[in-house]
Amino acid sequence: MGQKVNPIGMRLQVNRTWDSRWFAESKDYGNLLLEDLRMREFIHEEAKQAGISKVIIERPHKKCRVTIHAARPGVIIGKKGADIETLRKKLSAFTKSELHLNIVEVRKPELDAQLVAESIAQQMERRVSFRRAMKRGVQNAMRIGALGIRVNVAGRLGGAEIARTEWYREGRVPLHTLRADIDYALSEASTPYGIIGVKVWIFKGEILEHDPQAHDRRHAEAQEGAAPRQPRRDRERA
1 MGQKVNPIGM
11 RLQVNRTWDS
21 RWFAESKDYG
31 NLLLEDLRMR
41 EFIHEEAKQA
51 GISKVIIERP
61 HKKCRVTIHA
71 ARPGVIIGKK
81 GADIETLRKK
91 LSAFTKSELH
101 LNIVEVRKPE
111 LDAQLVAESI
121 AQQMERRVSF
131 RRAMKRGVQN
141 AMRIGALGIR
151 VNVAGRLGGA
161 EIARTEWYRE
171 GRVPLHTLRA
181 DIDYALSEAS
191 TPYGIIGVKV
201 WIFKGEILEH
211 DPQAHDRRHA
221 EAQEGAAPRQ
231 PRRDRERA
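Mapping to the UniProt record's numbering: the sequence shown position 23 is 23, numbers consecutive.
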């Protein structure tokens with residue numbers, strides 16, 4: 001049987017970079033990694049309704065900078081910034097470093113694999129038909145501008161006795177092309193029949209630059225509504 005490697009891990013240092021961006025000596029590495037895992041788990045649990053896409057953790061000298069990308073930042077910030085200050089104080093308990101907290105809005109949640117996967121999972125938990133939830137997620141992504149999307153659901157679909165996998169795809173999703181900008185995410189739906197896994201791949205175009213920061217830069221430009229930056233080769237031709 002063919003197995004699929006994680007598309008994000010496969011593209012690290014090609015056109016993607018890590019969500020934890022820091023270096024540490026071997027004696028400190030394990031403790032810092034555990035801090036990251038606990039902070040991410042706490043943030044996802046504390047701000048479930050905010051539509052969290054990803055959490056970036058950077059550690060400049062004796063500091064810890066946490067950037068939360070969310071579809072509904074107002075849920076985290078709260079009235080007059082009261083909730084974000086409370087969250088910052090709670091997160092400070094996880095680390096000895098001085099903590100800085102930033103919130104970034106995800107303006108096109110239909111093109112974010114994590115948010116699409118969580119949306120499909122939440123619909124199935126509300127007993128919406130899995131085929132309807134899959135099709136709705138795919139159509140919304142293609143309408144907003146995705147070049148291709150694939151959705152897999154696996155488990156006791158519709159309460160069936162035997163678990164199975166079903167998938168739905170539109171457009172192109174070239175997983176073997178390293179320059180392809182592929183966003184990938186996994187979520188789970190807790191149903192009365194058990195856990196149903198949801199996987200989403202979204203193809204947003206190609207990145208010809210060999211730059212680990214290229215994906216983040218392209219994502220920021222897309223959120224701001226700017227035209228994606230042309231590869232150097234195309235700019236020279238123009």
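Glycine residues also receive a C-beta, built at the ideal position from the N, C-alpha and C atoms.
*Out of Ser97, Val14, Leu111, Gln123, point me to the one whose CA is closest to alanine 133's CA.*
Gln123
*asked:* Output needed for proline 174: all residues of its chain with C-beta closer than 7 Å, excluding positions within five of it in sequence on either side, in chain order.
replied: Ala180, Phe203
*aspartate 112 burial status per 10 Å Cβ neighbour count (16 or more: buried)*: buried
*Best match in Gln139, Glu209, Arg127, Leu147 for proximity to leucine 157 [C-alpha to C-alpha]*: Arg127
*Hey, is leucine 175 close to the ligand GDP, as in C-beta under 6 Å from one of its heavy atoms?*
Inclusion of the ligand GDP in the displayed structure is not the case, the ligand content being empty and no account of it being possible.
*Can you list the beta strand (DSSP E) stretches of 3 or more residues lying completely in the segment 74-147, in chain order?*
98-105
*Between the CA atoms of isoleucine 120 and glycine 197 - distance to the nearest angstrom*: 10 Å
*Quick one: what's got a C-beta closer than 6 Å to phenylalanine 130's C-beta in the same chain, skipping five residues either side?*
Met124, Val153, Leu157
_Closer than 8 Å is the cut-off here; do at least three beta carbon pairs connect the segment 57-70 with the segment 29-44?_
yes
*Roughly how many angstroms separate the alpha carbons of arginine 233 and threonine 95, rounded to a whole number?*
Note that arginine 233 scores a pLDDT of 45, beneath 50, so its modelled location is shaky; the value from the coordinates is reported in the next line. Roughly 45 Å separates the two Cα atoms.
*Closer than 6 Å by C-beta to arginine 237: which residues in its own chain qualify, once you throw out the five before and the five after it? Chain order, please.*
With a pLDDT of 47 at arginine 237, under the threshold of 50, the modelled position of this residue cannot be trusted, and the question is left open.
*Do you know whose CA, among Arg136, Glu209, Leu178, Gly194, lies nearest isoleucine 162's CA?*
Gly194
*asked:* Let me check one thing: in DSSP terms, what residues is serine 26 bridge-paired to?
replied: Answer is none; serine 26 lacks a bridge partner.
_Helix, strand or coil for leucine 186? Go by DSSP, reduced to three states._
strand
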